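Line by line, the protein sequences are chains A and B.
So for the first sequence, our numbering puts the first residue at 1; every next one is plus one.
So for the second sequence, our numbering puts the first residue at 1; every next one is plus one.
Glycine is no exception: its CB is placed at the ideal position from the N, C-alpha and C atoms.
All values derive from a computational prediction rather than experimental measurement.
Working notes for the structure below.
There are 2 protein chains.
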Amino acid sequence: MNSQIDNTSKEKILRAAIKIIAQKGKHGTRMDEIAQEAGINKAMVYYYFSNKDNLFLEVLKTIFSEMYQHSMHKISEDISKGKGHIEIINNSIRYSFESYNKNPDYTRIMIDAISNGMDEIPKALEVVYNNSTLSPVSYILNTIEDGIKKNIFREVDPVQTMISITGITFIYFLSRNIINFFGLNIENEEEFINTRIQSVIDLIMHGMLIRE
Amino acid sequence: MNSQIDNTSKEKILRAAIKIIAQKGKHGTRMDEIAQEAGINKAMVYYYFSNKDNLFLEVLKTIFSEMYQHSMHKISEDISKGKGHIEIINNSIRYSFESYNKNPDYTRIMIDAISNGMDEIPKALEVVYNNSTLSPVSYILNTIEDGIKKNIFREVDPVQTMISITGITFIYFLSRNIINFFGLNIENEEEFINTRIQSVIDLIMHGMLIRE
DNA sequence: TTAGTTGTTAACCAAGTGGTTAAACTATTT
DNA sequence: AAATAGTTTAACCACTTGGTTAACAACTAA
């Protein structure tokens, strides 16, 4: 109902929870600390979110749906503009980078939830997927499949390629904190990410495109 | 000193800790639970490992050094056998898959530690790196660089490519527990991993090799 | 004005939680 | 056999933690 700045207590708690959970993980996070970060009494957290598990579920729902919507919006815009297969794939890589980079807290929580195969994930994804059968994943998959039919891409396995693209875009944000062990010393991160995007697109396109 | 079955209390605690920490993360793990899993009194955990932080550090050291040694051994064997650039890269991808697949507990703890950029990581890596300046990473890097000079590989950025290879091999083990959201329903995992390895090598090689 | 609903707080509690201790038990050394 | 050092345990403790409660304020509706 309140699409204003939404500075309600509930929203403040949610934002505080995201911040703390990103730092310390679900188990490492204390309800008291969330309340403190939000600047309100701990009882309020229970008033609005019942318990820790439920709060965590709401956090996941928020994260998945926000990230989903960001990618979904941009990709479907490209498709409706009639952009070509190559550009759609390349842009989807860019959008993923944007998304992960813009929301490091979201990314951290996602990694944690995914790698631990948390039970909450299916529930969180329900919210995201229940309105449409379409998703960024299905868009990319269709683009790859169609690109193969039209002799733009080699006969790669679309699902495997999809997984590979996800991994190749995800890895930097997963290992951001220890990236120096790759022998890197990143001074300007924005610049680094741009060269990384170029390098990823270069590798994937040479990997997928038909040789002439 | 004891390279036997090493069924000492200390070793039992370490193995129990790895198992529990993989399941519940560092913060979610209770010292009591580790003791119970190891079948000994909790005080023994403190006797051998002082405190939780130190136990966790020892766990990380064990994991990193075991995984490091496995890859290191296999890659340097290939190099000393005089294998070619392409085969070295392809095999290193296979070895990573083997490593991650054989030790899911290790992989989970690694992901957790890396994504949270834990302070213990540098300390844990010291143990691994202090004896030699060589590492699996440096071997791959050198192979890529040399392959470019010899006109086998395209003029890719070696470090970026190294990161990409890491991501592409890692992603399945990161998302293993929610892989069905990619539209997959894996019945025979061993078989799946083999097709995944093939697909990864195919994509990377087409991405790297010079076109003729 | 008043009665109900919603939002907020300080104080509280039972169940853990990491960590300790003192005593006992078991090799090993002299 | 006695002293020494290493290993193991039950019981303990101070403190934290998720969750509750009862009273109170503030807004809303009649």
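Item	Value
If you measure beta-carbon to beta-carbon, which residues of the segment 154–170 of chain A are closer than 8 Å to chain B?	Arg154, Val156, Asp157, Val159, Gln160, Thr161, Met162, Ile163, Ser164, Thr166, Gly167, Ile168, Thr169 and Phe170
Do the segment 88–95 of chain B and the segment 34–41 of chain B meet, that is, are 3 or more Cβ pairs less than 8 Å apart?	no
Any beta carbon from chain A within less than 9 Å of Met51(B)'s own beta carbon?	Looking at the sequence provided, one finds Asn at residue 51(B) rather than Met. So no, Asn51(B) is outside the interface.
Could you give the first and the last residue of the continuous alpha helix (DSSP H) run that contains Asp213(B)?	There is no way to answer for residue 213(B), as the model of chain B reaches only from 1 to 212.
Quick one, which residues of the segment 196–208 of chain A are near chain B if we go by CB-CB under 9 Å, in chain order?	Arg196, Gln198, Ser199, Val200, Asp202, Leu203, Ile204, Met205, His206, Gly207 and Met208
Express the C-alpha separation of Glu126(B) and Glu66(B) in angstroms, rounding to a whole number.	13 Å
Is the CB of Lys24(A) under 9 Å away from at least one CB in chain B?	yes
Starting from the beta carbon of Tyr172(B), find every residue of chain A whose beta carbon is closer than 9 Å, and list them in chain order.	Ile163 and Gly167
Indicate the three-state DSSP secondary structure (helix, strand or coil) for Leu134(B) in the structure shown.	coil
In angstroms with no decimal places, state the Cα-to-Cα distance between Arg7(B) and Tyr106(B).	Checking the displayed sequence, the identity of residue 7(B) turns out to be Asn instead of Arg. Spanning the two alpha carbons is a distance of roughly 20 Å.
Suppose contacts are defined by Cβ-Cβ distances below 9 Å. Is His206(A) in contact with Arg15(B) by that definition?	no
I'd like to know if Ile63(B) contacts chain A, where contact means its C-beta is closer than 9 Å to some C-beta of that chain.	no
Compare the C-beta of Phe181(A) against all C-beta atoms of chain B and say whether one is closer than 9 Å.	yes
So with Cβ pairs under 9 Å, would you call Leu184(B) a contact of chain A?	yes
Using a C-beta cutoff of 9 Å, does Asp112(B) count as contacting chain A?	yes
So, does the CB of Val59(B) fall closer than 9 Å to a CB anywhere in chain A?	no
Please report the residue range of the alpha helix (DSSP H) in which Phe56(A) lies.	Lys52 to Ser80
Between Lys26(A), Val59(A) and His85(A), which lies nearest to Lys10(A) when the distance is taken from Cα to Cα?	Val59(A)
Tell me the DSSP bridge mates of Leu209(A)?	Phe153(A)
Would Tyr172(B) be called buried (16 or more neighbouring beta carbons within 10 Å of its own) or exposed?	buried
What does the alpha-carbon distance come out to for the pair Arg196(A) and Ser50(A)?	43 Å
With respect to the alpha helix (DSSP H) encompassing Lys83(A), which residues constitute its N-terminal and C-terminal limits?	Segment: none, Lys83(A) is in no alpha helix (DSSP H) and carries neither H nor E.
Assign Ser80(A) to one of two classes, buried (16 or more other C-beta atoms within 10 Å of its C-beta) or exposed (fewer than that).	exposed
Between Ile144(B) and Met162(B), how many whole angstroms is the CB-CB distance? I'm expecting something under 8 Å.	7 Å
With distance defined between alpha-carbon atoms, name the residue in Asp157(B), Asp53(B) and Tyr95(B) nearest to Pro136(B).	Tyr95(B)
Ser175(A) versus chain B: which residues are under 7 Å apart at the beta carbon?	Ile114
Buried or exposed for Gly243(B), please, with buried defined as at least 16 other CB atoms from any protein chain shown within 10 angstroms of its CB.	There is no way to answer for residue 243(B), as the model of chain B reaches only from 1 to 212.
Just checking: is the beta-carbon of Gly28(B) within a distance shorter than 9 Å of some beta-carbon in chain A?	yes
Along the chain, where does the alpha helix (DSSP H) containing Leu14(B) start, and where does it finish?	Ser9 to Gly28
Since Arg176(A) is in the alpha helix (DSSP H), which residue starts that stretch and which ends it?	First-last for Arg176(A): undefined, no H or E at that position.
Rounded to the nearest angstrom, how far is the Cβ of His27(A) from that of Lys52(B), given a contact under 8 Å?	Not confirmed; about 13 Å, so no contact.
What does Arg108(A) touch in chain B if you count any residue whose Cβ is under 7 Å from its own?	Ser115
Could you work out which residue in Met44(B), Tyr46(B) and Lys102(B) is closest to Glu189(B) when comparing CA atoms only?	Lys102(B)
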